[in-house]
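Residue numbers (the working numbering): 53 to 151.
Ideal Cβ positions, reconstructed from N, Cα and C, are used throughout, including at glycine.
This structure is a prediction, so every number in the text was calculated from the model and none was measured.
Below is one structure, written out as structure tokens; comments come after it.
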Amino acid sequence: MIRGYKADIDPQAIGRSFEVILDIELTNFSREIVFGFENAMAEFEEVTELHRLFGSPDYFVRVAVADLEAYEEFLSEKLLAIPGIQKMSSRFTMKTIKR
């Protein structure tokens, strides 16, 4: 019943106050593309949530970084290096109402 306990850490205190929500679609659903994408994303410390969805988009991803420049670096150096990404849309949080 109880799945665990967690600390509620202030994102700003650890340099992760810039939150980005990504919708990602893959080129295809071959085993190699899906598992390669999921394993790569699960390893990135910037990725705080990763959900495979029914329908479109294929994935919902929440990323937390220090600022816009850190997000651009994450996108360019890590995310775009993963094979099989067809389409990606980034949205930035304006205000968190409830967590």
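- Under the criterion of beta carbons closer than 8 Å, G56 and A118 do not qualify as touching, at roughly 27 Å.
- Distance between T100 and E71, taken at the CA atoms: about 10 Å.
- With a minimum length of 4 residues, the unbroken runs of alpha helix (DSSP H) contained wholly in the region 66-132 fall at 83-95, 120-129.
- Rounded to whole angstroms, the Cβ separation of T145 and I73 is 7 Å, and the two are in contact under 8 Å.
- Taking the CA atoms as reference points, L131 sits about 26 Å from R151.
- For P63, the CB contacts under 8 Å within the same chain, skipping 5 residues up- and downstream, are S69, E71, A116 in chain order.
- Counting along the chain, R143 sits inside the beta strand (DSSP E) bounded by residues 137-144.
- Cβ atoms of Y111 and I76 come within 8 Å of each other, at about 4 Å.
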